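Under the numbering used here, the first residue of the sequence shown is numbered 12, with each subsequent residue one higher.
Where is the CB? At the ideal position from N, CA and C, for every residue including glycine.
Model, not experiment: these values are computed from the prediction.
To keep things clear, I will list the structure first and then write my remarks on it.
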Amino acid sequence: MVSDTRSSGPASGQASGQASAQANAQGSPLGLPGDEGSTRRAVRTMFSTVAPRYDFLNHFLSLGRDIAWRRAAARALKETLARPGSRVADLCCGTGDLSFCLGRHSQGVVMGADFCHPMLAIARGKAGAHAPGIHFLEADALHLPFGDASLDAVASAFGFRNLANYRLGIEEMGRVLKRGGRIAILEFSHVRGVIFAPLFRFYFHRILPRVGKLISGVDGPYQYLPVSVAQFPGQEELAQRLSDAGFRNVSYVNFTGGVAALHMGEKK
Ligand SMILES: C[S@@+](CC[C@H](N)C(=O)[O-])C[C@H]1O[C@@H](n2cnc3c(N)ncnc32)[C@H](O)[C@@H]1O
């Protein structure tokens, strides 16, 4: 599953070249350019329409790999979670799957936050049966209802890419983290490999949107997915942005040839 691990210093030549085309990405391409309010509304509406089919499509279209990726992200925060009283937030939690993974390691409090009510309703329904200790709250990741330096870790799975402004998203995560607190961002990323990369691109750009539309019954979300990943900062670029924002010990690990990557760091 894991193809390589790297610690970031300054972005390397090859990777920064890969990232340069993405360097202008301020946030999700949805909504009107430069209008963050319209991006938020468009993202929220899109996830509201897909919510009932979201879990099934996620697992189906990733052949179940998304489950392993979220588990790996939670394991990466195991030490923090295992501290009695630890406070950890899963941002853009959607239907709650990362929150549940975090909850399995937690000796403290896990909170899932999302601004899309239909996604949260599903998360709460699932928690009722399996994880009553996890708190789900309706909140915007760019304006979190947590105090400064109040959390031990923040994590996000496949949510960060949808923010209207990545820089503000990183800053807000930094604001709520305690000194030494940990950040973990799991996102789709840039695939590598001379054979795997073109094959994956064909699947991601040609097959996935069609199958997604067929099953979800809506056009937008699975067209948006490859577009938003293509403009999202690559592995090195995102690592660099975290370092620039003041995180230390920034590193990332690729999953499944870079289909997804987990970025980690600590607040200075
Ligand atoms: C692709 S889903 C990911 C859900 C979940 N984390 C997972 O692992 O499957 C993206 C989620 O991010 C949420 N989201 C996007 N922008 C947000 C924001 N600014 N604040 C809160 N939630 C946001 C959406 O509502 C959606 O539920």
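In its chain, beyond the 5 residues on either side, Ala100, Leu155, Phe157, Gly158, Asp159, Ala160, Ser161, Leu162, Val165 have a beta carbon closer than 8 Å to the beta carbon of Val187. As computed with DSSP, Ala271 is found in a beta bridge with Phe199, Phe266. Closest by C-alpha distance to Phe266, out of Ala79, Arg55, Leu113, is Ala79. Bounds of the beta strand (DSSP E) holding Leu102 are 98 to 102.
Around Ile196, the same chain offers Ser167, Phe171, His274 as residues with beta carbons nearer than 6 Å, after the five sequence neighbours per side are excluded. Going by DSSP, Ala124 is part of the beta strand (DSSP E) stretching over 120 to 125.
Closest option to Ile218, judged by alpha-carbon separation, among Ser254, Leu109, Leu72: Leu72. In the DSSP annotation of this structure, the continuous segment of the alpha helix (DSSP H) that includes Asp255 starts and ends at 246 to 255. The alpha carbon of Ser117 has as its nearest neighbour, out of Glu182, Gly276, Leu92, Arg98, the alpha carbon of Leu92. In this structure, Val229 has its CB at a distance of at least 7 Å from all heavy atoms of ligand 1. The DSSP-derived three-state label of Arg94 is coil. When secondary structure is reduced to three states using DSSP, Ser227 falls in the helix class. Here DSSP, grouped into helix, strand and coil, assigns Asn176 to coil.
Look at Gly276 here: in three-state DSSP terms it is strand.
For Ser167, no alpha helix (DSSP H) run applies; the uninterrupted beta strand (DSSP E) run containing it begins and ends at 162 to 168, by DSSP. Note: Asp151 is bridge-paired with His154 in the DSSP secondary-structure output. The alpha carbon of Tyr263 has as its nearest neighbour, out of Ser110, Gly191, Glu247, the alpha carbon of Glu247. In the three-state reduction of the DSSP assignment, Leu188 falls in the strand class, which pools E and B. Taking 7 Å as the cut-off, one finds at least one heavy atom of ligand 1 near enough to the beta carbon of Thr106. Linking Phe199 to Leu109 through their CA atoms gives a straight-line distance of about 15 Å. Ser227 counts as buried, since at least 16 other C-beta atoms from the protein chains shown sit within 10 angstroms of its C-beta. By the Cβ-count criterion, Leu68 is buried, with 16 or more other Cβ atoms from all chains shown falling within 10 Å of its own Cβ. Between Arg81 and the set Phe169, Lys279, Thr60, the nearest pair of CA atoms involves Phe169.
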